[in-house]
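Chemist:
Residue numbers (this note's numbering): 28 to 415.
1. Apply the 10 Å Cβ neighbour rule to residue 110 and answer buried if 16 or more other Cβ atoms are within range, or exposed otherwise.
2. The alpha helix (DSSP H) with residue 311 in it runs from where to where?
3. Would you call the region 62–81 and the region 98–110 touching, i.e. three or more CB-CB distances under 8 Å?
4. The alpha helix (DSSP H) spanning residue 140 covers which residue range?
5. Going by the beta-carbon positions, is the gap between residue 161 and residue 322 smaller than 8 Å?
6. Do you know offhand how far residue 389's Cα is from residue 255's?
7. For residue 275, tell me which candidate among 229, 124, 375 has the shortest Cα-Cα distance.
8. By a C-beta neighbour count over all protein chains shown, 10 Å radius and 16 as the cutoff for buried, is residue 131 buried or exposed?
9. Taking the alpha-carbon positions, what's the residue 113 to residue 327 distance?
10. Report yes if the C-beta distance between residue 312 and residue 152 is below 8 Å; otherwise report no.
11. Find out if the Cβ-Cβ distance for the pair residue 318, residue 346 is shorter than 8 Å.
12. Nearest to residue 191 by CA position, among 125, 64, 316, is which residue?
13. Span of the beta strand (DSSP E) holding residue 415?
14. Strictly by DSSP, which residues pair up with residue 93?
15. What distance in whole Å lies between the Cβ atoms of residue 159 and residue 147, which are believed to be in contact at a cut-off of 8 Å?
Set out below in structure tokens:
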């Protein structure tokens, strides 16, 4: 019962709920009904002691990496949680209530030392490395560690650094910032208006019968790589968004309301979706963010080691110093791709779907159509492309 409450993030009051007690009597006859005070008291204490002893059996006498980071819990309390990594596996250590405590390097360093002493006595481990983010308090605490206990290696959390680089990349260029902001406007418009969202789902079901429609979503500030995931999802829905706007334009213009400002806001989103330059810029941002998203998954893994960090950083440096300018791209590259695509015996069978998706091929087709005819692709061409 305690494990159910903990894994489900439930309140201890849950076990006194009449419906739960009825469920227990019906489906688990004879099972004892545990009071919340018992569950959060002696049962919890005994389980903590059992887990602590079992953890000591596994990691006792070994070398450990110590990590600590602060955040706000579900109750909006400022807390600091620490953990140990032993043999590439994480083990939670302690959580400290930081309410009313100053967020300084000295305060953090004091907590770190207390945690190290607790880890030695409780789990019989030797701390060999200290890892934290590069905030002012973490930076000061690591400096104090180098001065007082130099044998313990200190390092920044490179997953945090990767996230900061992503933020810097998005903010460094006004055109990038504008494109991402415009992408968010599209997401908000379709997600906040049920009429627009229904038409987008309908468009997807018509273009891909039998497949489940996918949705747009906004990035979360507390989730690494979510800007990348949000931009990628928007790019993948490019063809569906364009078809939706072309087909249901009149409906979309009034789905947010019939007032002038609401219609103007809808027109702005519609114009964005039909703007080829916008999609080119957003696709390029996706390409820029892709290596950082891959790096984040490597750098936040429990088994990430120094050699993997330096190799990952080296690969990032190589990628971002060898980005070809748009003028350097082979001018007829798209024509060769289309030559294969429009061979009826080959079509899209030879292309790697992860490198050239359905949307990518449509984008190339539309670009070539504009190049050769001087006209923007319309819904008829999109439908013919999908049928082909």
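Beta carbons: idealized from backbone N, C-alpha and C, even for Gly.
Modeler: From the atom records:
1. With 16 or more Cβ atoms within 10 Å of its Cβ, residue 110 is classed as buried.
2. DSSP places residue 311 inside the alpha helix (DSSP H), whose first and last residues are 303–326.
3. Contact between the region 62–81 and the region 98–110 is absent, because fewer than three Cβ pairs lie under 8 Å.
4. Start and end: 132–150.
5. Their beta carbons are not under 8 Å apart, which means residue 161 does not touch residue 322 by this criterion.
6. Taking the Cα positions, residue 389 is about 21 Å away from residue 255.
7. Taking each of 229, 124, 375 in turn and checking the Cα distance to residue 275, the smallest one comes out for 229.
8. With fewer than 16 other Cβ atoms within 10 Å, it is exposed.
9. In this structure, the CA atom of residue 113 is about 15 Å from the CA atom of residue 327.
10. Not in contact: residue 312 and residue 152 (Cβ atoms no closer than 8 Å).
11. Between residue 318 and residue 346, the CB-CB gap stays under 8 Å.
12. Measuring C-alpha to C-alpha distances from residue 191 to each of 125, 64, 316 identifies 316 as the nearest.
13. Looking at the DSSP string, residue 415 is not in any beta strand (DSSP E), and its letter there is neither H nor E.
14. DSSP lists 111, 157 as partners of residue 93.
15. Rounded, the Cβ-Cβ distance is 19 Å, inconsistent with contact.
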